[in-house]
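Trainee: Each residue of the sequence shown is one higher than the one before, counting from -10 in my numbering.
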Amino acid sequence: MTQHSLSLPTLALASKTLHHALPVDLPDEATCWQAVQRRDRSYNGRFWFSVRTTGVYCLPSCAARPPLRRNVDFHASPDAAEAAGFRACKRCKPRDWQADVGLSKPVALACKLFDSTNGDTPPSLAEVARKAGLTPGALSKRFIAELGVNPRDWLAARKRQRFRKALREGEAVADALYGAGYGSPSRVYETSDKALGMTPATYAKGGAGAHIDYTTVDSDYGRVLVAATQKGIAAVFLGDNDHALEKNLKHDFPAADMTRNDQALAPRVQGVLARLYGRKPSALDAADVPLDIVGTAFQWKVWKELTRIPPGQTRTYGEIARRIGAPGSARAVGRACATNQAAGVIPCHRAVGASGGLTGYRWGVARKERLLAAERLAEERRRSST
């Protein structure tokens, strides 16, 4: 059962304050270190790294002299790095990383203006558009093209992010909802299962009371972690070792009741592996791999289109944008792919940049190449057997 929600993890790309609101799925440490060595800008906002010998933390793309691996730690947000005692690098300005993601100046300014009220009544679209030098209609089109949502939905999602942040920081539910800008509790509780994955009180306890089963298995792509709730698969991570994969999962649900349950998840694992090896077609509603993943309407539209790409083939973000009826939203498509939590089941490895090169894959370019090769081989075997 899929969860279609208006919560918006991709909004973290629009404002330097947004990436503090939600936990981030850290890539495994080997992938993080490779990104640091390459100064890979596509990982900006995915993680931050700190250097013990200098006491600073940076973006993966920082141009400073590369540190030694033994002195480096990885963090899910600037707040996490600062809580560990590190200060922001003056060279790469890690709290201002949104400048790297390619938002146009009008959209970046609009996000800043909308967000400046911090829970109070936001300025009108007309007022913000005027300050951004655009008509309201033109600004709305820019939002949809670059972020995949209109300004109204962006504001609604920001309100939910402020609410989640306040809950995670220990505020009472009533204080959190009014501080976030809600006029009454009723709307929050009506949508809490989709927006939070649980009730506000449970979310405030870090997922306490929620139950997640998980397991890890070996594969041609390294280790695979599969996690599931009673509703369906909540995460499929690829990595080099179980410790890093389990750490990522626990970071997302710090107080959830987690159980390693290899036997119970065996059927789910077989369904996941069948997609990773191209033995079964990708689908968002397959009975053997039901999904319990939160995503925006735009993200689900992108993920659905990914399943329509023939196995082993690729499409550029721009092509996908045109196919879903949102030409000009290539960057928003790329962000939808980057937020996919179900590797292989949602085949974001079939999406590529404008050049067609295999770049910017969350689990590493080498894995992306192997996934495509496995799908092509499976397709060849199917054709030869008919």
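Even glycine gets a Cβ: it sits at the ideal position worked out from N, Cα and C.
Assign GLY307 to one of three DSSP states: helix, strand, or coil.
Mentor: helix
Trainee: Determine the contact status of GLY267 and PRO299, defining contact as a CB-CB distance below 8 Å.
Mentor: no
Trainee: Pop quiz: ARG359 and ASP209 are said to be a contact at Cβ under 8 Å. What is the actual Cβ separation, rounded to whole angstroms?
Mentor: 6 Å
Trainee: Among LEU48, PHE287 and GLU18, whose alpha-carbon lies nearest the alpha-carbon of CYS81?
Mentor: LEU48
Trainee: My guess is that THR248 and ASP202 are in contact by the Cβ rule of under 8 Å, so how many angstroms apart are they, rounded?
Mentor: 5 Å
Trainee: Looking only at its chain, what residues have a beta carbon closer than 7 Å to the beta carbon of HIS338, apart from the 5 residues adjacent to it on each side?
Mentor: TYR350, LYS357, LEU360 and LEU361
Trainee: What residue from PHE226, ALA319 and VAL25 has the CA that sits closest to ALA53's CA?
Mentor: VAL25
Trainee: Sort LEU128, PRO112 and GLN219 by Cα distance to LYS94 and report the nearest one.
Mentor: Taking LYS94 as reference, the option from LEU128, PRO112 and GLN219 with the minimal CA-CA separation is LEU128.
Trainee: Within 8 Å, do at least three Cβ pairs link the region 313 to 329 to the region 133 to 147?
Mentor: yes
Trainee: Leaving out five residues before and five after PRO56 in sequence, what residues of the same chain have Cβ atoms less than 6 Å from its Cβ?
Mentor: VAL40
Trainee: Tell me the rounded alpha-carbon separation between GLY34 and PRO67.
Mentor: CA-to-CA, the gap between GLY34 and PRO67 works out to about 9 Å.
Trainee: Would you identify the three-state DSSP class for ILE282, choosing helix, strand or coil?
Mentor: Looking at ILE282 - three-state DSSP - the assignment turns out to be coil, as it is neither helix nor strand.
Trainee: Please look up how many angstroms separate the CB atoms of VAL138 and THR285, rounded, as I've assumed it's under 8 Å.
Mentor: 7 Å
Trainee: Suppose you measure from the CA of ARG59 to the CA of GLN23; what does that come to, to the nearest Å?
Mentor: 14 Å
Trainee: Return yes when the Cβ of ASP17 is within less than 8 Å of the Cβ of ALA263, no when it is not.
Mentor: no
Trainee: Spatial neighbours of ASP207 within its chain, please: CB distance less than 8 Å, with the 5 preceding and 5 following residues excluded, ordered by chain position.
Mentor: Here the set comprises VAL213.
Trainee: Around the C-beta of ALA255, are 16 or more other C-beta atoms found within 10 angstroms, so that it is buried, or is it exposed?
Mentor: exposed
Trainee: Express the C-alpha separation of GLY307 and GLY346 in angstroms, rounding to a whole number.
Mentor: 14 Å
Trainee: Would you report the Cα separation of GLY44 and CYS51, rounded to the nearest angstrom?
Mentor: 15 Å
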